[in-house]
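Here the structure is laid out as structure tokens; the discussion comes afterwards.
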Amino acid sequence: MGNLKTPLHSRCLEANAKMVDFAGWDMPLQFDGVLQEHKSVRERCGLFDISHMGILSLSGRQAKEALQGLVPTDLFRIGKGQACYSVLTNEHGGIIDDLIVYDNGWNEDIDKEEMFIVINAARAEKDAEWIKNGVKAFEINITDKKGDGVLLALQGPEAEDRLKEITELDLHEMPPFGHRTFDTRDFGEVMISRTGYTGEDGFELLFNTEAGGLFWDQCCERGIQLCGLGARDTLRLEAAMHLYGNDMTEETTPIEVGLGWLVHLEIPRDFIGRKQLEQQAQNNTNRKLRCIKMEEKAIPRKGYKVQDANGKVVGTITSGGWSPTLEAGIGLALVNLSSSKLGTQLSVEIRGNKNACKIVKRPFIQK
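Residues 6 to 372 (the working numbering) make up the sequence shown, in order.
Structure representation (structure tokens):
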């Protein structure tokens, strides 16, 4: 059995994309080169096919209450038309996956409350099963919201203007993490959110299959840069955004990996892993995820060891690569608490050689 393919797979091939396996999907790594695609998103805008990601709908009279028991973030801080970033946590406070939660409010058509969640492709089956088991005490209907639809990300400082050109929608007033479903003239019903994974302004759009292809074609006709997973990774790394499986796993907690702001212990509701996270919040942790920047021409990669001034191993690179914007090697590293202070001089062992680096402020690029 071959890899899964998004509805835009043939269009990606027509655009001469270099395809790679990603979480069981055949996905574009690059179209015109990672550096060109990266620069386009930072300076103008770029279009990504992210249809491999999962979208689940949870509906029921207590849909939000049910989902609240699975995440440490206070979902009652958001209302209809708003979204938030969060994580699913296990009994030990470890991260099962990160996700975006969308509050769709009360759906009068089904007479129920409805929440959407966008999840990672590699964790989709695990997440669905975990959520299904976690909401058993409630009458919740869990369905695949995406189906065979097309999920696209239009990212970059020109994204709002280009989206208006194509759809005639003025989204200037839509706040970050705002979302709404629009009935458009050319594309039918489209769910649009002001979210992304690049550190730039941008939007993520859910179309039906035919409309998604049409939107893709119109972007191409207007010369909007098509972008692959390579640029998506360099962009998110510069923004110090986490990648599941690298910078967070079931063995790391939100507090350890710099996502403590997602843990709202002041809320009176219980959630899976709360006790363990309360203990960490009180007693601190013995390791922290930090941004490191190389001080010489070297590129850190996942798994490389981080050493202190005495040559003692104090951590590991979880994500690393070349920053086209900074023209330097950068990475995220899980390091011992004693070596985690901003400005600490460390080194990364690369092919037997020590390469100097320093802990720097997060994110790597300031917007």
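Positions of the beta carbon are idealized from the N, C-alpha and C atoms, including for glycine.
The model shown is predicted, which means the values in this text are computed figures rather than measured ones.
- Within the DSSP bridge table, the entry for Asn360 names Val353 as partners.
- Under the criterion of beta carbons closer than 8 Å, Ser344 and Leu351 qualify as touching, at roughly 7 Å.
- One alpha carbon belongs to Ile55, the other to Thr323, and they sit about 23 Å apart.
- A direct Cα-Cα distance of roughly 19 Å separates Asp153 from Leu18.
- Leu339 has its alpha-carbon roughly 43 Å from the corresponding atom of Leu219.
- Of the residues assessed, Arg227 falls on the exposed side of the cut-off, its CB having fewer than 16 other CB atoms within 10 angstroms.
- For Gly235, the uninterrupted alpha helix (DSSP H) run begins and ends at 234–243, by DSSP.
- Per DSSP, Val311 lies in no alpha helix (DSSP H) segment; the continuous beta strand (DSSP E) that holds it begins and ends at 310–312.
- For Val76, there is no enclosing alpha helix (DSSP H), since its DSSP letter is neither H nor E.
- By the neighbour-count definition (other C-beta atoms within 10 Å, threshold 16), Gly278 is a buried residue.
- In the three-state reduction of the DSSP assignment, Lys298 falls in the strand class, which pools E and B.
- In the three-state reduction of the DSSP assignment, His184 falls in the strand class, which pools E and B.
- Between the region 228–240 and the region 35–46 there are three or more inter-stretch CB-CB distances shorter than 8 Å, so the stretches are counted as touching.
- Residue range 87–94 is occupied by the beta strand (DSSP E) that includes Cys89.
- Look at the region 150–209 and you find these whole runs of beta strand (DSSP E), each 3 residues long or longer: 155–160, 184–189, 193–198.
- The Cβ atoms of Pro305 and Gly204 lie no closer than 8 Å to each other.
- With contacts defined by Cβ atoms closer than 8 Å, Glu134 and Ser64 do not form a contacting pair.
- A distance of 8 Å or more separates the beta carbons of Val25 and Leu264.
- The beta carbon of Phe276 lies closer than 8 Å to those of Gln73, Gly74, Leu75, Val76, Pro77, Thr94 in the same chain, with the five residues before and after it left out.
- With distances taken between CA atoms, Phe192 lies nearest to Leu174 out of Gly235, Arg199, Leu174.
- If you ignore the 5 residues before and after Met32, its C-beta comes within less than 7 Å of the C-beta of Met24, Val25, His57, Leu234, all in its own chain and listed in chain order.
- Secondary structure note for Thr321: its beta strand (DSSP E) is the uninterrupted segment 318–328.
- If you look at Leu282, you'll find it in the alpha helix (DSSP H) that goes 279–288.
- Per DSSP, reduced to three states, the secondary structure at Ile115 is coil, with no helix or strand assignment.
- The region 203–217 makes contact with the region 154–162, as at least three CB pairs between them are under 8 Å.
- For Lys363, the closest of Thr257, Glu178, Glu70, Gln312 by C-alpha to C-alpha distance is Gln312.
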